[in-house]
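What follows is a set of notes on a single structure, which appears directly below.
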Amino acid sequence: MAPAVVSGERFIVFLFVARVALAAPARLAAPLAVLASAALAVELAVDGSASAASSSPLRRFRTRPGASSGILLGATTLPSVMLSRLIQLSRVLLADPNGHEEYAYLEMQYWAVSISCLSVLAFFVWHLRQSPSNGISKASKYGLLLIILYPLAYLFYFLLTPDRSLSATSNLVYLLYHGVAAVILIQHILEKFPSCSSFGEAILVSGGLVLYCGDMLAQTLSKMEFSVSSKAFIHTPGTRSEIATVIQGVLLGLFLLPLSYKSSLQILAYCKKPEKQRTQTVVDRTQKRIDCFVFYVSLLVALLLLVPSWTRLVHGFDVHPFVWVFNYIFTDSRERLALCAYWIFVIYVSIRRFYNISKQSKTERILLRKYYHLVAVLIFSPAVIFQSDFLDLAFGAAFAVFLILEMIRVWEIYPLGHIVHQFMNAFTDHRDSEILIVSHFSLLLGCALPKWMSSGFNDRPLTPFAGILSLGIGDTMASMIGYKYGVLRWSKTGKKTIEGTAAGITSVLAACSILVSLLASSGYILSQVLLSPLTLKCLNLLLYDIQSKHKS
């Protein structure tokens, strides 16, 4: 039976994409429309092949049980977000002296993430063509046609760009790197981490990682004297904050940690002579000790040597990033110390309370985890209002700690591996696999990404709160109301209920109305939006134009 073309999720995604595309220039909106159409065609083809599970060519990739493919949502989210940011920055191009450089770089990132998603769609279509029984479906043909037509959209963009000083060949090389890297990464994710994600979630993760690593590579190459990339196509903006630099440097070190750790183990295994006299138990125990030692040494090398070297090369940091963080927290800031004490208290009380509940009661795990969403509201909301920059740093530190703990848990690094695994298992459910536990990453990044992306110019006061409101309040209320009172389901196979959806939307709207009143009364909107430096420059330019017209 063929899957339905229209569903609730697809309808919402197309409303979102259409809203963004209508507000953007045609040269940028047309590629997004083509990408969304191609993603819909590929999703229909994948869902159709899944109905014939015995002959599906995508059976080799085991996705999260019970989850929809989500290809349309995964392929359009990042390009739509990047285009939304471009629309926002276009409002202050005249007032910001660095605006054109940042806008051009963000435009290149928009194309890079779009090509990454398009390449993954082509990867899926190629696998669908390997079906031995039914050949290629009609939806696959439409998807392949739209993927082939996408380069025409890029040509349309290039012809309509007023400043074409950048080399088209260099641009294509840069975009091709993102496309190839995204395909390699998503194949690695689906093969090495089975049942950990849906296709759409894998697209989001691979596209986001490739984009972030591409940004690191662009900044590194632009600072190297032998590189011609800075003159060819990589124009990284020179207005990065110190907090963003520290976060990016630490994450670079942690992303390279698995490579250095595994490489060191392979070198040791190659150099070590076989010992036949020892029993297998003694050999295993010795090997675990060696693995632990190599991991902690690799971690120290990454954090103490690699991170400061990169920050000094790329951003001219004269002090070690950890020393800078220490000075930032403990120098002239009672609010930051008070906020840290508040965070420690809330986290300690909530973990101790909910961990005991998870062991002693029969509360559904999905509901138990939603309580942590409410805790996220208590933790992050005051920080957004009173210490916005410090919250950016705290998000980065929390993400780094989560990465380290997950590596320790997966690789069973002594002595914390078993402890972390036992603790995390108390909050897992069917959505987490036996290999990776990603729920805490989803909650943290869901709250952090809107805040990170709204740094700099932001003329929407609720944008930094988007993740907190949607995950902490909307998702929590939708799950609780849907679980307890939900009767009417959106589909026969899904678990989402109309009552839960209505509760989520209503709770977010109510929270937004209350939050706007609180922000207005506290002076947050006036200080962060209306009186921001870029807004004042825009007002000055507007007044100058009015005076010029009046004189003439």
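For the sequence shown, this note's numbering begins at 23 and goes up steadily by one. Yeah, the Cβ is synthetic: ideal placement off N, Cα and C, and Gly gets one too.
Spatial neighbours of residue i within its chain, please: C-beta separation below 7 Å, excluding the five flanking residues on both sides.
i	result
Ser492	Val530
Gly271	Val329, Trp332, Thr333 and Pro343
Ala61	Ile93, Leu94, Ala97, Thr98 and Leu143
Arg107	Leu128 and Met475
Gly522	Ala500, Ser501, Ile503, Gly504 and Gly508
Quick one: what does DSSP say residue i is sitting in, helix, strand or coil?
i	result
Thr85	coil
Arg49	helix
Arg356	helix
Arg262	coil
Arg482	coil
Arg151	coil
Thr523	helix
Taking the alpha carbon of residue i as the point to measure from, which residue in the options has its own alpha carbon closest?
i	options	result
Ala448	Leu239, Leu390 and Ile430	Leu390
Leu335	Leu279, Ser244, Ser263 and Val397	Ser244
Gly236	Val268, Val202 and Leu425	Val202
Val509	Ile520, Ala45 and Ser355	Ile520
Gly468	Gly494, Val195 and Asn480	Gly494
Ala324	Asp69, Phe463 and Leu273	Leu273
Ala48	Ile109, Val64 and Gly70	Ile109
Leu361	Ile373, Trp346 and Asp411	Asp411
Leu170	His200, Ile401, Phe38 and Ile137	Just to set this straight, residue 170 is Ile in the shown sequence, not Leu. Closest option to Ile170, Cα to Cα, is Ile137.
Phe638	Ile407, Leu321, Cys534 and Lys310	For residue 638 there is no data in the structure shown, the boundaries of the chain being 23 and 574.
Ser476	Val227, Val347 and Ala266	Ala266
Asp340	Ala40, Trp133 and Glu264	Glu264
Ile503	Thr528, Val227 and Gly439	Thr528
Lys517	Val35, Arg41, Leu66 and Ala89	Ala89
Leu174	Tyr132, Pro53, Ala470 and Val35	Pro53
Arg311	Trp433, Met238, Phe352 and Glu428	Trp433
Thr450	Tyr377, Ile34, Leu471 and Leu233	Tyr377
Val319	Val27, Leu279, Asp354 and His337	Leu279
Gly275	Lys506, Gly418, Leu466 and His462	Gly418
Quick one: residues in its chain with C-beta nearer than 8 Å to the C-beta of residue i, no 5 flanking neighbours on either side, listed in chain order?
i	result
Asp497	Lys392, His395 and Gly526
Val316	Tyr283, Ser286, Leu287 and Leu290
Cys139	Leu57, Ala61, Gly96, Ala97, Thr98, Leu100, Pro101, Ala204, Ile225 and Gly229
Ala416	Trp365 and Ala405
Gly439	Ile430, Arg431 and Trp433
Beta-carbon within less than 6 Å of residue i's beta-carbon, same chain only, minus the 5 sequence neighbours each way: which residues are those?
i	result
Ala51	Ala43
Ser314	Looking at the sequence itself, residue 314 is Cys, so the reference to Ser does not match. For Cys314, where only same-chain residues beyond five positions count, the Cβ hits under 6 Å are Ile435 and Tyr436.
Ser427	The question names Ser, but residue 427 is Leu in the sequence shown. Contacts found: Val442.
Val39	Ala58, Thr98 and Ser102
Ile351	Arg358
Buried or exposed for residue i, going by 16 or more other Cβ atoms inside 10 Å?
i	result
Asp414	buried
Glu357	exposed
Leu167	exposed
Pro87	exposed
Pro486	buried
Trp148	exposed
Phe145	buried
Ala45	exposed
Thr85	buried
Lys473	buried
Cys293	exposed
Ile211	buried
Ser464	exposed
Ala269	Correcting the residue type first, residue 269 is Ile in the shown sequence and not Ala. That one is buried.
Ala532	exposed
Ala363	exposed
Asn480	buried
Arg431	buried
Phe402	buried
Glu223	buried
Shorter than 6 Å, the distance from the beta carbon of residue i to the closest heavy atom of the ligand MN, or not?
i	result
Ile206	Ligands displayed in this structure: none; no statement on the ligand MN is therefore possible.
Could you name each continuous alpha helix (DSSP H) segment of 4 residues or more that falls completely within the stretch 281–347, going from the start of the chain to the end? 302–323 and 329–337
To test your reading of the DSSP string, which unbroken alpha helix (DSSP H) runs of 4 or more residues are found completely within the stretch 187–249? Counting only runs of 4 or more, we get 190–214 and 221–244.
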